[in-house]
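Data block below; observations after.
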Amino acid sequence: MRYSKLFGKTIKKIPKDEVSKNAQLLTKAGFIRKEIAGVYNYLPLGIRVLNKIAEIVREEMNAIGGQELLLSSLQNKESWEKTGRWKSFDALFKLTSILDSQYPLGPTHEEVIVPIAKQFISSYKDLPISVYQIQTKFRDEKRAKSGILRGREFLMKDLYSFHRDEKDFESFYEKAKSAYKKVFARVGLEAIETQAGGGAFSKFSHEYQVIAEAGEDEIIYCPGGDFSANVAISPVKEGKQCDLGHGSLKRAKAIEVGNIFPLKTRFSDAFGLTYKNKEGKDVPVVMGCYGIGINRVMGAIVEVHYDDKGIVWPSSVAPCNVHLIHLEGVANATFEVYKKLQKAGVEVLYDDRENVSAGEKFADVDLIGIPIRLVVSQKTLRQGSGQAGDKIEWKNRKDSKTELLNLDQVIKRLA
Ligand code: ATP
Ligand code: MG
């Protein structure tokens with residue numbers, strides 16, 4: 155990618171109407187643009203991050219046997235009446251068409267997936283099975299001041315699992331937990347598995363909470379990692395000693411980046427989703443659902459990985475592997491480096507602008523937050539034999555140390 159041609163550039167001023175850190179930084183750095191409150195457009199840099207997060211989620215869902223599909227956003231009102239949620243789901247967008255029909259605009263997909271599952275699940279042999287999608291959800295959220303953490307339109311990975319009984323559900327639930335831990339570790343988030351309320355459906359559920367001031371939730375947790383509960387359900391108080399001797403429990407604001415939820419037979423019952431067991435008896439299917447907010451994960455990453463200069467992306471989700479810049483007089487040599495890096499499979503954002511000061515380019519590198527900065531200058535070239543790209547300055551976004559490497563060394567290190 156050449157910065158001069160990039161759709162979406164850095165800006166100097168923080169937009170006045172953005173109060174959240176994630177939206178301020180992502181807007182300044184050219185990743186997103188606000189459409190209306192709670193609705194954001196993703197520019198080329200932004201979609202690259204979203205896609206990387208989505209791909210990590212996809213790999214881990216595939217690894218536990220999830221099958222990817224894509225369900226509709228415009229949904230069937232009758233199905234929502236069947237479950238009672240046409241009236242009770244408070245953030246439901248209800249569209250009225252020009253023909254006066256009404257449609258729910260999907261905030262979640264139990265009402266869509268269960269009627270389909272009914273067509274394919276009839277015997278115990280069809281179970282267990284799980285499906286997921288990464289798809290746009292719509293919710294008429296009352297509070298939409300947290301940037302991309304809480305959208306009225308947002309991407310969610312939602313997985314639905316179907317089981318013969320509670321026991322089988324529970325074993326899958328544990329698999330989902332370990333998949334979630336892998337996802338959050340891979341995207342660079344420390345997400346604490348937290349006990350949460352089960353809502354109307356069951357006694358418990360689990361949330362994955364990232365400690366951050368911007369969080370809308372609060373958790374009580376053990377710094378040793380063996381206990382965490384959402385304060386909304388927990389009678390446990392801050393300061394109480396951890397049972398395993400890890401010191402006193404702490405209370406902190408946190409961002410819910412994902413959750414896993416037993417649905418029992420709540421939706422199976424509503425739609426009559428049953429299977430024939432080995433004895434030929436009809437039994438309701440036991441379900442679970444498992445969500446991860448893709449944009450919210452991106453926002454949470456920004457909320458915990460930034461400094462006074464800008465974003466500091468973990469390499470797994472950064473829009474590019476390296477940010478290449480040239481100082482005066484070495485544009486041609488740097489273009490050669492750019493082409494060779496690309497050939498080696500490296501994702502490069504190349505700041506090819508002429509007549510822009512080194513200081514300005516460095517500031518943009520820090521704001522955009524790509525993990526590695528590569529600089530080609532007359533000075534670096536002189537350190538080598540003088541050939542194109544012979545020596546390049548390498549610097550990690552996270553620290554101030556610079557090193558001189560040749561192109562082969564750069565490519566090797568990136569591999
Ligand atoms: P919250 O309590 O934050 O509203 P929720 O309990 O409504 O979340 P779910 O309906 O279970 O969340 O959705 C699954 C995941 O989708 C959440 O864990 C979160 O990561 C994400 N999510 C939920 N609502 C939003 C939203 N408005 N914008 C962005 N992501 C969201
Ligand atoms: Mg909600």
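Residue numbering for the sequence shown is 155 to 569, as defined by my numbering.
For glycine and all other residues, C-beta sits at the position ideal for the given N, C-alpha and C.
Check                                                                                                                             : Outcome
Assumed close pair Ala408, Asp371 - CB separation to whole angstroms, cut-off 8 Å                                                 : 5 Å
Span of the beta strand (DSSP E) around Arg450                                                                                    : Looking at the DSSP string, Arg450 is not in any beta strand (DSSP E); the run it does join, the alpha helix (DSSP H), is 448-458.
Residue nearest to Phe308 in terms of C-alpha spacing, selected from Ile446, Phe489, Tyr327, Asp397                               : Ile446
Opposing strand residues paired with Val530 [DSSP bridges]                                                                        : His480
Under the three-state DSSP convention, the category Gly543 falls into                                                             : For Gly543, the predicted structure reports a pLDDT of 45, less than 50, and the residue's modelled location is therefore unreliable. A value from the coordinates is still provided. Gly543: coil per DSSP, three-state reduction.
Gly305 beta carbon near the ligand ATP (any heavy atom closer than 8 Å)                                                           : yes
Val364 - DSSP class collapsed to helix/strand/coil                                                                                : strand
Identified DSSP bridge partners for Lys418                                                                                        : Met441
DSSP three-state assignment for Gly468, whether helix, strand or coil                                                             : The sequence as given places Pro at residue 468; Gly does not occur at that position. In the structure shown, Pro468 sits in coil (DSSP, three-state: anything other than H, G, I, E or B).
Contacts around Ile479, its chain only, beta-carbon distance under 6 Å, and the 5 residues preceding and following it disregarded : Asp505, Lys515, Val529
Beta strand (DSSP E) segments (min. 3 residues) lying fully within the region 289-363                                             : 307-317, 346-351
Own chain residues within Cβ distance below 7 Å of Val471, not counting five before or after                                      : Val203, Lys206, Ile207, Val341, Gly342, Ile455
Start-end ranges of the beta strand (DSSP E) lying completely within the region 480-518, minimum 3 residues                       : 502-505
Where Glu557 sits in the DSSP three-state scheme                                                                                  : strand
Short Cβ contact (9 Å threshold) for Glu392 with Met155                                                                           : no
DSSP state of Pro198 mapped onto helix, strand, coil                                                                              : helix
Rounded C-alpha distance that separates Cys443 from Met215                                                                        : 12 Å
Closer than 8 Å: Glu361 CB and nearest the ligand ATP heavy atom                                                                  : yes
Beta-carbon proximity list for Glu264, same chain, < 6 Å, skipping 5 on both sides                                                : Phe421
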